[in-house]
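Undergrad:
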Amino acid sequence: MMTTQQDSLSAAEAAPGVDAATSGADSAEVRPTPSAGQWLLSLQRRFPLVQVLLTVAVFAWGAATMPGFLEPTSIRSVLVLCALAGLASIGQTLVVLIRGIDLSLAGFIVVGAVTVTRFSDVPGVPLPVMLAVAVACGATAGGLVGYMCHRFAIHPIIVTLAAGSIAVGVTAVLSGGGYGAGAPGWATRLSSPMSSTFGIPVPPVVVIWVLATAVVSVLLHRTLPGRRLLATGAGPVAADLAHISTRKVWVTVYAISAALAVLAGVVLAGFAGNVDNRLGNPYLFLSIAAVVLGGTAFGGPGSYTRTTVGVLLLTVVSTVLVGMGFQEADQQILNGVVILAAMAVYGRERRLRDQV
Amino acid sequence: MATHPLTAEPDTVLAVDGLRKHFGPTVALRNAGLRLLPGEVHALVGENGSGKSTLVKILSGVHRPDVGSMEVGGRPFAPRMPAQALRAGIDTVFQEVLGVENRTVLDNLWLGADGLLRPVSRDAGRRAKAEKILTALLVTPPPLDIPFGALQLSDRQTCCITRSLLRDPKVLILDEATSALDYDTRTRLFSLLKERAAQGMSIVLITHRMDEIREIADRVTVLRSGETVATLDADWDHDEMIRLMTGGAHLVQDTVRVAADAADTAERPVVQRVRGSRLRPGGAPCDAVFRQGEIVGLAGLEGHGQDEFLRLLLGHGDTEGVVRIDGDREHRVTDPRRARDLGIAYVPRDRRGESILPWFSILDNFAIATAGQDVRRGLLSGRSAEKRFGHYVERLNIKYGRTSDAITTLSGGNQQKVVIARWLASQPKVLLLNDPTRGIDVGAKRDLYRLLRELSRLGLTVVMLSSEVDEHVELMDRVLVFREGSLAAELAHEELSRERLVDAFFGGAAVTA
Amino acid sequence: MSTTNHPALTPVPDPGPQTTATTAPRRSLRSLFARHTYLFALGLALALLVANLVNQPNFGATSQLANLAPLGIAAMASVPSIMSGRGGIDLSISPLMTLSALLYATQLHPIGLGGYVALPVLMVTGALVGTLTGLLIVVGRLQPIVVTLAMFFVLTGVDLKLAPSPTTVSGTWMANFAGSMGPVPGGLVALAIPVAVWLLITRLTTYGSLLRSVGGNDVTAFTSGVPVGAVRVLAYAMGGAMAAVGGLVLIGLASTAEAGTSSAYTLIAIAAVALGGIPLQGGGGGIANALAGAAAIYLLQSLLGVLQVSQTWLQVIYGALLISAVLFGAIAARELKAGR
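Chains as they are written, first to last, in this note's numbering: chain A, 1 to 356; chain B, 1 to 513; chain C, 1 to 340.
1) Quick test of the definition: if touching needs 3 or more C-beta pairs under 8 Å, does the region 330-339 of chain B touch the region 402-412 of chain B?
2) How would you label residue 238 of chain B, buried or exposed, when you count the other beta carbons within 10 angstroms and need 16 or more for buried?
3) Taking buried to mean at least 16 other C-beta atoms within 10 Å of its own C-beta, is residue 215 of chain A buried or exposed?
4) Measuring CA to CA, which of B:100, B:188, B:139 is closest to residue 148 of chain B?
5) Quick one: Cα of residue 257 of chain B to Cα of residue 74 of chain B, how far?
6) Between which two residues does the beta strand (DSSP E) containing residue 144 of chain B stretch?
7) Can you name the residues of chain C whose CB is closer than 8 Å to the CB of residue 367 of chain A?
8) Residue 213 of chain A CB to nearest chain B CB: under 8 Å?
9) Can you confirm whether residue 341 of chain A, when its beta carbon is compared against all beta carbons of chain B, has any partner nearer than 8 Å?
10) Alpha carbons only, please: which of C:162, C:226, C:131 is nearest the one belonging to residue 147 of chain C?
11) What residues of chain C sit near residue 114 of chain B, judged by a beta carbon separation below 8 Å?
12) Output the boundary residues of the alpha helix (DSSP H) element that contains residue 153 of chain A.
13) How big is the Cα-Cα spacing for residue 63 of chain A and residue 90 of chain A?
14) Answer with buried or exposed for residue 472 of chain B, where buried requires no fewer than 16 other C-beta atoms within 10 angstroms of its C-beta.
15) I'd like to know if residue 356 of chain B contacts chain A, where contact means its C-beta is closer than 8 Å to some C-beta of that chain.
16) Any idea if residue 324 of chain A is buried or exposed, counting beta-carbon neighbours within 10 angstroms, 16 or more meaning buried?
17) On a Cα-Cα basis, can you pick out the residue from B:124, B:470, B:477 that is closest to residue 47 of chain B?
18) Tell me where the alpha helix (DSSP H) around residue 130 of chain C begins and ends.
19) Does any CB atom of chain B fall closer than 8 Å to the CB of residue 300 of chain A?
20) Could you give the first and the last residue of the continuous beta strand (DSSP E) run that contains residue 17 of chain B?
21) Pairs of beta-carbons, one from the region 219-229 of chain C and one from the region 60-74 of chain C, closer than 8 Å: are there three or more?
22) Establish whether the CB of residue 223 of chain A and some CB of chain B are separated by less than 8 Å.
23) Hey, does residue 333 of chain A have any beta-carbon neighbour from chain C nearer than 8 Å?
24) Out of B:184, B:113, B:422, B:167, which has the shortest C-alpha to C-alpha gap to residue 135 of chain B?
25) In the structure shown, what three-state DSSP assignment does residue 469 of chain B receive?
26) According to DSSP, what are the bridge partners of residue 238 of chain B?
27) Quick one: which residues of the region 216-239 of chain C get their C-beta closer than 8 Å to a C-beta of chain B? List them in chain order.
28) Beta carbons nearer than 7 Å to chain B: which residues of the region 259-282 of chain A have them?
29) Can you tell me the Cβ-Cβ gap for residue 55 of chain A and residue 313 of chain A, rounded? I've got them flagged as a contact below 8 Å.
30) Which residues bound the alpha helix (DSSP H) around residue 261 of chain A?
31) Pull up the distance between the alpha-carbon of residue 57 of chain B and that of residue 76 of chain A, whole angstroms please.
32) Give me the residue from A:189, A:344, A:238 with the minimum Cα distance to residue 366 of chain B.
33) What residue ranges within the region 337-418 of chain B form continuous alpha helix (DSSP H) runs of no fewer than 4 residues, ordered along the chain?
34) Pick from B:405, B:349, B:446: whose alpha carbon is nearest that of residue 395 of chain B?
35) Put residue 94 of chain C into one of helix, strand or coil per three-state DSSP.
36) Please compile the residues from chain B whose C-beta is within a distance smaller than 9 Å of the C-beta of residue 284 of chain C.
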């Protein structure tokens, strides 16, 4: 990504020392023996320890204070909520790793949802074909977004905001303003807390999420395309000079993000039952909060497993809050505060004095 | 010289003692000191990485020291930001040209002179004052109302200096601020500085050019490895100064310094050729050939075309006449990707911005350009990368903890070695380097020189842009000198000397003080 | 060797054509647009105005100005933060406008502070919220876009808490914003308040110059002794104060205040400033850009309404407009750079 991109969304891992070590002074190195505190810090840098502990603590508190919190049904419901948020956050994780952000997620979720609720019974077109068309359209639009951001060095926040708006608008125009009767039965069963998967008493969506976590993690960290993606985020110019086509990475990542959002929309339609054009909004907020809270920085380092931890923490916290009688408004405020807190820990920018 | 001959004098303008500053694992300053007298021009010298810039940044309030004392006019001085240093009368012109491109020249000249919410001053005097200094410095001063961004480099730097002069500080620090100036402006600046010094302004001058120090400095303070090692009077001796700066060692050790035999080189096959390419629109066409196993230097004053030439070899710009020659086959180098396929590798200049992937491990940083070789059954194999990296660790003398450590835990020199290993792993025939020794310590430099020599002996062609004259003199088989956007001269190894080279920078005209 | 024999020891070959290119304006349309970034939007707005007048015989200036006002104010309020650089797009302007309306409806009006005194009170409140945003960005060293996104969530939540359901406010002086105040259209008055704030602060004090310098190159400003942090915080505070005025206009127009408008102006205000041609990397432009952009978008909206284009298309058109605006801006910026 071009310079503006770098300036605005630069990963802020650069401690002043790091900078000085590379830019100017090069004297003798001191290698102090790590203290226990430093060891914990370096562990936290590799693994979201604090987040996991927090999740466990909040969960334990919920179990202790709320009757029925540990009921299998309620645990399953929490898992389903996690899975939905988790599936919606895959694309966001990838996009943040290349120093972007994707606000079009909400729009593409609506596209997917409306596809199953409104267009599931179009005569002559079987639903799988319909879905494939929707995913392909999403991917194309996403790819265009990535291309424009990279080619013209435009901040992705604007382009994705616009793309999301267009996606919702086009869907509304195509569906004639209606959102259809509701999701077909199979879609509902995917995310019903009561359903099971091949005999395992876990809803299918949870199983899908677990599989997706494994697949995404392997793709991201153990394959060549994944390495290219991470390099594009870590150092866009360096990646370019290492003959990685960063534009191709941007196009691909945004295309994948949009396609996954469409698929997430299908699942969400089944979960929500009735669909409107604001279906995706909470998941957009959730996805950003989960990525940032998990400790993935803009441009990395980060991983989807971190996002998974972020999703668990957020979902457990909000379940407990709802149980305590807090409302949507409080949730919103919490989202904002959580993003700020996580950014303060992970995503701080370089000091002006270190840029001289 | 272990103890430094600093004695407290009653009328020092600026007294600095025992400054220490570290950045993460790197110690930039150990024990730096400086005594500045009123009305003197005081040169501050040292090799790259000796801590000059850090000292300047502390004096100007950009950084704060870990320990140490600073006094201005007898009162304690501990600026927390540049604004406070400026208020205390310490004004710095940084090496990097700092201007706001979309504002006018006049706005830039008076930037920072006003408070935050003060009434706008419609002071016509400002214009006159600015014009007075600009006219003194430039033959053709730029109009004050054009955007700063429309100025050429030399004029920009002149404006930065003018900005500081306008504030009439007690102490003016010029951190290699003269390197971007053209010859004429520099001469004018020096006479203006002498004039100001005579009126009582103290000037700290940081420069790599001995002739400048000889011409203008009253005293010289030498820094080495973050320590002040000596302050010399105006009658300093050149060799003594070099000894103080380097601690006695030459840049390139004699054992390494075995330049290829000139007669022998001319026989070797040409591997890359440039014919009739222009570095800039309207510039003169350039012709050059590069032979197998040569080390060729690209030299010139900053911004005179050597960067464009290097980019040309890499496949950027007017590549019409750029070919890679492999035996009797010629391939045009059309773009960087093609260049890679033809065995041309490039080590960029800005290590932090263009080379390293900051949070990647040492191993991943090494492997990134050739990761395709590590794919086993669709997955990247760490073991394969380790094995490949192992080939280079010893040859490059890379010092590291574990290969899984982040690259930023290494010193600049070792980072640079990893980057070079990254490109050597692609088995290049031609290695292009853009000022690879900038900001790395002397030891790492020597390792690098030794490596380049060895590689060239094995048949690799090395083309290296360097901003250090000594590097050209001591390392290169041949140096191409650029001036005003085109290839101006070519110096063979036996004609290489500091004087000849600097002479060529200025178009063959003798540069005498 | 004398200087006359040695004209140029300079890096760039010939300074001549460069200086002339910038001093004597080249008469090309492109460079004119590049220098006055709002011209494109202004031209578009004028064309749309004509189209509106043709299609809409009873195009009442007063009501149109009143309807334009919230968008115009939201766009203007976005300007200072964008100008301060580092990608400072303030996403929290829209919920802040709603917050101001809700504070009036649920707090000030009931305790009898519903008069003109509410205006300064709310503007100060808005400025304080903006200051908080700015401090988080400057002191916390966080990316502006993330902070303003977080503030967007927080303020939206606060809005919901203040008024879970719409609150009706009628019979206040604010209704005049929708009509006229004496001979002057109320919408014009509403727009004039932020304009006045902006002009007072940026034209009469050194702040305007500092804001442009900080946005243009903060490192330079920092080393030259400019209080960069304070300049940035003040930019967000100004945006907050301007947004507060917008909230009152919302009440004037609808006679209700509701949390549902929290995100109504987020997308469209950014579209307006982007269409207005403000360089999003900071340092350039002004509120003229925001006003021109807002006018163009509003008139387009109005024209589509008259032509009976379906509401569902509006969202598509906003999105397309936003993308083409930023594309145009990016290409123009590149032209400007290349043409230098």
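Ideal placement from N, C-alpha and C gives every residue a C-beta, glycine not left out.
TA: Taking the definition as stated:
1) The answer is no - the region 402-412 of chain B does not touch the region 330-339 of chain B, with fewer than three Cβ pairs under 8 Å.
2) For the purposes of this step, residue 238 of chain B is taken as the residue at position 238 of the second sequence. Exposed, by the Cβ-count rule.
3) As a working note, residue 215 of chain A is residue 215 in the first sequence. Classification of residue 215 of chain A: exposed, given that the 10 Å Cβ count is below 16.
4) In the second sequence, residue 148 of chain B corresponds to position 148, counting from 1. That would be B:100, whose Cα lies nearest to the Cα of residue 148 of chain B.
5) Here residue 257 of chain B refers to the residue found at position 257 of the second sequence. Here residue 74 of chain B refers to the residue found at position 74 of the second sequence. Low per-residue confidence applies at residue 257 of chain B: pLDDT is 49, beneath 50, and the placement is therefore not dependable, though the value from the model is reported in the following sentence. Straight-line Cα distance between these residues: approximately 50 Å.
6) Within the second sequence, numbered from 1, the residue matching residue 144 of chain B stands at position 144. Going by DSSP, residue 144 of chain B is part of no beta strand (DSSP E) at all; its letter is neither H nor E.
7) Because chain A here runs from 1 to 356, residue 367 of chain A falls outside it and cannot be looked at.
8) If you number the first sequence from 1, residue 213 of chain A lands on position 213. By this cut-off, residue 213 of chain A is not an interface position.
9) As a working note, residue 341 of chain A is residue 341 in the first sequence. Using a CB distance cut-off of 8 Å, residue 341 of chain A does not count as an interface residue toward chain B.
10) Numbered from its first residue, the third sequence carries residue 147 of chain C at position 147. With distances taken between Cα atoms, residue 147 of chain C lies closest to C:131.
11) Walking along the second sequence from the start, residue 114 of chain B turns up at place 114. Within 8 Å Cβ-Cβ: 206, 209, 210.
12) Start at 1 with the first residue of the first sequence, and residue 153 of chain A comes out as number 153. Where residue 153 of chain A is concerned, there is no enclosing alpha helix (DSSP H), given that its DSSP letter is neither H nor E.
13) Taking the first residue of the first sequence as 1, we reach residue 63 of chain A at position 63. Taking the first residue of the first sequence as 1, we reach residue 90 of chain A at position 90. Taking the straight line joining both Cα atoms gives about 29 Å.
14) If you number the second sequence from 1, residue 472 of chain B lands on position 472. Buried, since its Cβ has 16 or more Cβ neighbours within 10 Å.
15) For the purposes of this step, residue 356 of chain B is taken as residue 356 along the second sequence, with counting starting at 1. Chain A, which has a Cβ nearer than 8 Å to the Cβ of residue 356 of chain B, makes this yes.
16) Position 324 of the first sequence, counted from the first residue, corresponds to residue 324 of chain A. Around the C-beta of residue 324 of chain A, fewer than 16 other C-beta atoms lie within 10 Å, and the residue is accordingly described as exposed.
17) For the purposes of this step, residue 47 of chain B is taken as residue 47 along the second sequence, with counting starting at 1. With distances taken between Cα atoms, residue 47 of chain B lies closest to B:470.
18) In the third sequence, the residue the question calls residue 130 of chain C occupies position 130. The continuous alpha helix (DSSP H) containing residue 130 of chain C extends over residues 118-138.
19) The count along the first sequence starts at 1 and reaches residue 300 of chain A at position 300. True, the Cβ-Cβ gap to chain B drops below 8 Å.
20) Along the second sequence, read from residue 1 onward, the residue named residue 17 of chain B stands at position 17. Its beta strand (DSSP E) spans residues 14-23.
21) No, the region 219-229 of chain C is not in contact with the region 60-74 of chain C.
22) Taking the first sequence and counting its residues from 1, one reaches residue 223 of chain A at position 223. For residue 223 of chain A, at least one C-beta of chain B is nearer than 8 Å to its own C-beta.
23) As a working mapping, residue 333 of chain A is identified with position 333 in the first sequence. It does; some Cβ of chain C falls within 8 Å.
24) As a first step, residue 135 of chain B must be located in the second sequence, where it is residue number 135. Residue B:184 is the option with its Cα nearest to residue 135 of chain B.
25) Locating residue 469 of chain B in the second sequence gives position 469, counting from the first residue. Looking at residue 469 of chain B - three-state DSSP - the assignment turns out to be helix.
26) Your numbering for residue 238 of chain B matches position 238 in the second sequence. Beta-bridge annotation (DSSP): residue 238 of chain B is not paired with any residue.
27) Within the region 216-239 of chain C, the qualifying residues are 216, 217, 219, 220, 221, 222, 223, 224, 225, 226, 227, 230, 231, 234.
28) Here the close residues number zero.
29) The residue you call residue 55 of chain A lines up with position 55 of the first sequence. The residue you call residue 313 of chain A lines up with position 313 of the first sequence. Contact holds; Cβ gap of about 4 Å.
30) Within the first sequence, the letter at position 261 stands for residue 261 of chain A. For residue 261 of chain A, the enclosing alpha helix (DSSP H) has its first and last residue at 246-272.
31) Taking the first residue of the second sequence as 1, we reach residue 57 of chain B at position 57. Taking the first residue of the first sequence as 1, we reach residue 76 of chain A at position 76. Those two C-alpha atoms are separated by around 59 Å.
32) Taking the second sequence and counting its residues from 1, the one referred to as residue 366 of chain B is at position 366. Here the closest residue by C-alpha is A:238.
33) Counting whole runs of 4 or more residues, the region 337-418 of chain B contains the alpha helix (DSSP H) stretches 362-367, 382-396.
34) Start at 1 with the first residue of the second sequence, and residue 395 of chain B comes out as number 395. It is B:446.
35) As a first step, residue 94 of chain C must be located in the third sequence, where it is residue number 94. Residue 94 of chain C: helix per DSSP, three-state reduction.
36) On the third sequence, residue 284 of chain C is found 284 positions in, with the first residue counted as 1. Going along chain B in sequence order, the residues near residue 284 of chain C (Cβ under 9 Å) are 102.
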